[in-house]
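Going down the list, the protein sequences come from chains A and B. So for the first sequence, the working numbering puts the first residue at 27; every next one is plus one. So for the second sequence, the working numbering puts the first residue at 3; every next one is plus one. A short write-up of the structure that comes next.
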Amino acid sequence: MDAAAPLPVTIVGGYLGAGKTTLVNHLLRHPDGRRIAVLVNDFGDIAIDADLIDARDGDLIALAGGCVCCSFGSDLLGALERLAELPAPPERLLIETSGVALPGALARTLTLAPRARAAAIVVLADAETLEARLDDRYVGDTVRAQLAEADLVLLNKADLAGPAGIARSRLRLAALAPRARASPCVRAAVPAELVFGIDADGVATRAAPDDRPPFGGPRPAPASHAASAWFASISLELAPRVDVARLAAVLTAPAHGVLRAKGLLRDIDGTPVALQVVGARAEIVASGHADPDRGRLVCIGARGALDGAALRAAIAAAVRTA
Amino acid sequence: MTITIYRARRILTMNPARPEATHVAVRDGRILGAGTLAELQGWGAHRLDERFADRVLMPGFVEGHSHLLEGTQWRFVYVGYFDREDPDGRVWPGARSIDAVVARLAEAARALPAPDAPLVAWGFDPIYFGGRRCERGDLDRVSDTRPVAVLHASMHIINANSPALARAGLLRADIDHPGVPLGADGLPTGELKGPDAMGALAPKVGFDRSVLAGDAQGLRAFARLCVRKGVTTATDLASPLPENAVAMMLEVTGEPDFPTRIVPLLRLQSQPVPDAIARVVALKARSTDRLRLGRLKAVLDGSIQGFSARLRWPGYFNGAPNGLWYLAPEQLQAAYVEALAHGVQVHTHTNGDEATEAALDALQAALARHPARDHRFTLQHCQLADAAQFRRIRALGACVNLFANHHFYWGDQHYQSTVGPERAERMNACATALASGVPLAIHSDAPVTPLGPLFTAWCAIERRTASGRVLGHAERIDRAAALRAITLGAAYTLGLDGEIGSIEAGKQADFAILADDPLEIAADRIREVRVDGVVQGGRVFLAADL
Numbered sequence: 027m028d029a030a031a032p033l034p035v036t037i038v039g040g041y042l043g044a045g046k047t048t049l050v051n052h053l054l055r056h057p058d059g060r061r062i063a064v065l066v067n068d069f070g071d072i073a074i075d076a077d078l079i080d081a082r083d084g085d086l087i088a089l090a091g092g093c094v095c096c097s098f099g100s101d102l103l104g105a106l107e108r109l110a111e112l113p114a115p116p117e118r119l120l121i122e123t124s125g126v127a128l129p130g131a132l133a134r135t136l137t138l139a140p141r142a143r144a145a146a147i148v149v150l151a152d153a154e155t156l157e158a159r160l161d162d163r164y165v166g167d168t169v170r171a172q173l174a175e176a177d178l179v180l181l182n183k184a185d186l187a188g189p190a191g192i193a194r195s196r197l198r199l200a201a202l203a204p205r206a207r208a209s210p211c212v213r214a215a216v217p218a219e220l221v222f223g224i225d226a227d228g229v230a231t232r233a234a235p236d237d238r239p240p241f242g243g244p245r246p247a248p249a250s251h252a253a254s255a256w257f258a259s260i261s262l263e264l265a266p267r268v269d270v271a272r273l274a275a276v277l278t279a280p281a282h283g284v285l286r287a288k289g290l291l292r293d294i295d296g297t298p299v300a301l302q303v304v305g306a307r308a309e310i311v312a313s314g315h316a317d318p319d320r321g322r323l324v325c326i327g328a329r330g331a332l333d334g335a336a337l338r339a340a341i342a343a344a345v346r347t348a
Numbered sequence: 003m004t005i006t007i008y009r010a011r012r013i014l015t016m017n018p019a020r021p022e023a024t025h026v027a028v029r030d031g032r033i034l035g036a037g038t039l040a041e042l043q044g045w046g047a048h049r050l051d052e053r054f055a056d057r058v059l060m061p062g063f064v065e066g067h068s069h070l071l072e073g074t075q076w077r078f079v080y081v082g083y084f085d086r087e088d089p090d091g092r093v094w095p096g097a098r099s100i101d102a103v104v105a106r107l108a109e110a111a112r113a114l115p116a117p118d119a120p121l122v123a124w125g126f127d128p129i130y131f132g133g134r135r136c137e138r139g140d141l142d143r144v145s146d147t148r149p150v151a152v153l154h155a156s157m158h159i160i161n162a163n164s165p166a167l168a169r170a171g172l173l174r175a176d177i178d179h180p181g182v183p184l185g186a187d188g189l190p191t192g193e194l195k196g197p198d199a200m201g202a203l204a205p206k207v208g209f210d211r212s213v214l215a216g217d218a219q220g221l222r223a224f225a226r227l228c229v230r231k232g233v234t235t236a237t238d239l240a241s242p243l244p245e246n247a248v249a250m251m252l253e254v255t256g257e258p259d260f261p262t263r264i265v266p267l268l269r270l271q272s273q274p275v276p277d278a279i280a281r282v283v284a285l286k287a288r289s290t291d292r293l294r295l296g297r298l299k300a301v302l303d304g305s306i307q308g309f310s311a312r313l314r315w316p317g318y319f320n321g322a323p324n325g326l327w328y329l330a331p332e333q334l335q336a337a338y339v340e341a342l343a344h345g346v347q348v349h350t351h352t353n354g355d356e357a358t359e360a361a362l363d364a365l366q367a368a369l370a371r372h373p374a375r376d377h378r379f380t381l382q383h384c385q386l387a388d389a390a391q392f393r394r395i396r397a398l399g400a401c402v403n404l405f406a407n408h409h410f411y412w413g414d415q416h417y418q419s420t421v422g423p424e425r426a427e428r429m430n431a432c433a434t435a436l437a438s439g440v441p442l443a444i445h446s447d448a449p450v451t452p453l454g455p456l457f458t459a460w461c462a463i464e465r466r467t468a469s470g471r472v473l474g475h476a477e478r479i480d481r482a483a484a485l486r487a488i489t490l491g492a493a494y495t496l497g498l499d500g501e502i503g504s505i506e507a508g509k510q511a512d513f514a515i516l517a518d519d520p521l522e523i524a525a526d527r528i529r530e531v532r533v534d535g536v537v538q539g540g541r542v543f544l545a546a547d548l
């Protein structure tokens, strides 16, 4: 990774009890080779599962695989500086906010840091209690503001909420967080790529342009909490040149169930680019990874909501290629 | 064992059974009794000390909500609008225009050795300069090479010059933050609002509260200010209390000539509740006479003038959105439950009335689980509480420490923009608190406003704003009540009222030495009462000798 490039930051927010710490532990259990740093600002211990911890040095906890975790109290920018000074600085940063913090405000604070940028805001909601939280006399407006700023909303504890509860939660979300894309999950078990983004290797390893079972291997038995039971990915092969802006518009539209996407493509004028999509947010940057013969695209969505055929049709209809 | 009997022009004891005396007898730093010389001679051989014969003695004042930063920040340059006395007794005249601020900073800059050493100032209050905002160009006039950072009196904003912004990496055009206004050139104007934006710069120019918290010289300076203001017991509300700060405080307050009893509270911030409570319990056992550890502070919301306080309907007068929770109400409740279970007292910052309501709900629920007869949980600031809330506070056995000084410094802003006329007039409702039977203290929140309990008493008696408006006639209290609030009242909120706060047998020999009689001077001049110093634990400290 380019040392001068800003560190991409995923902000994980959500009210108390939504599953933020569970998500952090899940991700640290599945770093998939990423050197992850986690900054925690909750009113409570850094609740990292003990078996993940290699060593502790004051506020800093060293984890297996070169990952680190620390709490930042009121000094986020100072914590970012300390991370940058580590012998092996992190490649991905995840910030777990406090239960009453506004993740959007934290994203704006990151603009004050010279070498970090907010790449995604993921907000967890306890699907079982979300409606009560939204209507709480004290914290309802805080919970609503947290969700309104999300790129992705993870409706956690979907097994407890049941399909009807999930459906009611989605209705409320559609009204108060129209930008956010939502997906149910259980025990915050989600693909790490959903949170951190899909990297170039992740696109390359999905060479086959078909609806393969997610994340390699045969289609799993849908154990109720596994990520594979709730999420699916598809990979598509595209023409050598595509109108990337139009493609981004298709992928960020809510209709096709795309939560995350990564494309390695050549734009219609031949410029090699990487397209990164999280919810309604798309980012297009120059990239050396694009294959001159074909474009590649990987999408992650909720199983059952991500519709590969419809997506292909929409791309064919809307995106100019060459 | 030596007995000293002090003769005074008048001793105002705050003991209703014996409200006045001419003499007070002291042994081993404690009071044998207050009365006439004839009454006190019965204690035996004594030395009669006449040095206060033309002075008035009161119980040493108790500041129930201050911060040691009031002492530490005098290492920086004072540029406030109002005159202010420093720990060495020098009165710094108010800087009444941006030009005056720039001139004072330029003078201070000339005294600094290194050309790139940062210059930090505090107390800046441009709300008195009309609509004119201070911009980085103003402070570039002080120096365009040396970083200059100026902290506002509210402690919620910093103004920086271009070199300071550059040192913090903020002199760039891609900043998108509500606390960092941008100029026509797309660069920050130099105003940094709120803790996040301030935090991006403050440590780069040497203004780091966690470093300042461990500063022994600052603690000594704070204590000198206490002597000048008649304060014998003062809180530090609050600090993370790292071990090095505790060790420093134990050492400095243990110095034989340290003149103040310091009550530091642990701030509940990023540690788990059980750990925080365990730490408070462990600290409590290390308390000494002059360092009283073992209390917890929680901060529930922000500030009213910063629009970060949580207000109930109808919210802010100017339509600003509701403020922020710094803790979730259910986290506060968890802290209360754990604290009650371990006999730890909690002081809770609530500014807005919604935060106050949430704190009362939390306390009610926690008390249902752990009934406690004498918990003395105290709401600090509690500025917007209404009459019904005071009745609830009373019913739950809680105390309040109201921010009387706020009216003078920000009352006009509250009237005009934050909460509007009606609620501005009920802010810090001392009279309602007393009428409801709520134990009352009043405070300065120094350094947010200057330490000085007699000034604080004047604020509660007169309720005048800086522009002269009386903000809420009905909430004014009489001088006896105000003087009680700065002595026994504050002592009660700390659970120290059996030990300090009045001049009576058995209590600590803590006196404020006054050159004027606060009961004889006109009520509207109580803030002018001259303080000579204190007697603390039987030791005499005169401001003139500091």
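Don't be surprised by glycine CBs; every beta carbon is placed ideally from N, CA and C.
Residue i vs residue j beta-carbon contact at 9 Å
i	j	result
Val440/B	Phe405/B	no
Leu202/A	Asn182/A	no
Leu14/B	Leu485/B	yes
Gly39/A	Ala105/A	no
Arg286/A	Gly191/A	no
Leu119/A	Ala63/A	yes
Gly192/B	Leu167/B	yes
Leu442/B	Ala483/B	yes
Phe513/B	Gly91/B	no
Ala517/B	Asp480/B	no
Cys228/B	Thr262/B	yes
Buried or exposed by the 16-neighbour rule on C-beta atoms within 10 Å, applied to residue i
i	result
Leu114/B	exposed
Gly44/B	exposed
His475/B	exposed
Ala390/B	exposed
Leu334/B	buried
Glu122/A	buried
Gly185/B	exposed
Inter-residue Cα distance where the pair is residue i and residue j
i	j	result
Ala357/B	Leu313/B	7 Å
Gly422/B	Gly220/B	38 Å
Arg20/B	Gly37/B	8 Å
Val531/B	Leu496/B	26 Å
Asn163/B	Pro197/B	18 Å
Val212/A	Ala193/A	15 Å
Pro240/A	Leu302/B	Caution is warranted here: a pLDDT of 42 is assigned to Pro240/A, below 50, making its placement in the model unreliable, and no coordinate value can be reported.
Coarse secondary structure for residue i, derived from DSSP in three states
i	result
Ala517/B	coil
Ser124/A	coil
Gln510/B	strand
Asn403/B	strand
Tyr328/B	coil
Val144/B	coil
Ile33/B	strand
Phe379/B	coil
Residue i at chain A interface by Cβ criterion, 9 Å
i	result
Ala27/B	no
Asp388/B	no
Trp327/B	yes
Ser438/B	no
Ala284/B	no
Ile306/B	no
Neighbour flag for residue i against chain B, beta carbons, 9 Å
i	result
Asn51/A	no
Gly67/A	Looking at the sequence shown, residue 67/A is not Gly but Asn. It does; some Cβ of chain B falls within 9 Å.
Thr135/A	yes
Gly99/A	yes
Heavy atom of the ligand NAP within 8 Å of residue i beta-carbon
i	result
His251/A	With respect to small molecules bound, the structure shown includes none, and the ligand NAP cannot be examined in it.
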